[in-house]
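Here the sequence shown is numbered in this note's numbering, starting from 158 and rising by one per residue.
A short worksheet on the structure shown next.
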Amino acid sequence: MTKFTNVIVRKPGRSLCDGITSAPELGQPIYERAVEEHDDYIAALKQCGVEVTELPALEAYPDSCFVEDPAVITRCGAIITNPGADSRNGEKDEIEPTIRQFFDDEHVAHIVAPGTLDGGDVMMVGDHFFVGR
Numbered sequence: 158m159t160k161f162t163n164v165i166v167r168k169p170g171r172s173l174c175d176g177i178t179s180a181p182e183l184g185q186p187i188y189e190r191a192v193e194e195h196d197d198y199i200a201a202l203k204q205c206g207v208e209v210t211e212l213p214a215l216e217a218y219p220d221s222c223f224v225e226d227p228a229v230i231t232r233c234g235a236i237i238t239n240p241g242a243d244s245r246n247g248e249k250d251e252i253e254p255t256i257r258q259f260f261d262d263e264h265v266a267h268i269v270a271p272g273t274l275d276g277g278d279v280m281m282v283g284d285h286f287f288v289g290r
């Protein structure tokens with residue numbers, strides 16, 4: 158079993174309240190609570206013994222704190238995705254420089270148009286990948 162030793166997170170921005178939702182009946186997120194939960198998340202990750210790289214908030218991209226979407230990381234390399242939502246597409250360009258701190262050119266691939274992929278729809282189980290919709 159591969160153990161991950163590095164984790165990338167991004168601080169939620171105030172624009173989080175304007176992000177994409179599939180459950181509008183739950184109401185908008187409360188920014189201050191989201192920041193508290195994010196800080197608790199980082200503390201839990203550190204307790205697991207991983208190195209945490211925390212990126213600053215990106216107000217231009219309300220959902221950018223969900224860093225699993227613009228990149229899929231494997232033990233062999235990284236896949237920079239091409240998110241399906243126009244409002245998220247620029248996130249891939251923002252995360253790539255950080256990904257390249259961990260992988261060289263040979264180990265970074267890209268999903269290009271017309272293909273789309275949101276990393277949050279990918280589940281890695283051992284050497285198998287399951288991709289949802």
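We treat Cβ as the ideally placed atom computed from N, Cα and C, and that holds for glycine.
Model, not experiment: these values are computed from the prediction.
Three or more Cβ pairs drawn from the stretch 210-229 and the stretch 241-257 lie within less than 8 Å of each other, which places the two stretches in contact. Close CB contacts of R290 within its chain, under the 8 Å cut and outside five residues either way in sequence, are with D278 (chain order). Residue nearest to V164 within the set I230, I187, E189 is I230 (criterion: CA-CA distance).
Its chain contains N239, P240, G241 as the residues whose beta carbon lies nearer than 7 Å to that of T273, once the 5 sequence neighbours on both sides are disregarded; these appear in chain order. Between R167 and V224, the beta carbon gap of about 5 Å places them in contact (Cβ cut-off 8 Å). Within the model, the alpha-carbon separation for R190 versus D275 is close to 25 Å. DSSP places I199 within a helical segment (H, G or I) once states are collapsed to three. Annotated as proximal: P169 and H195, with beta-carbon spacing under 7 Å. Within the same chain, Q185, P186, Y188 come within 7 Å of C174 by CB-CB distance, once the 5 residues on both sides are set aside.
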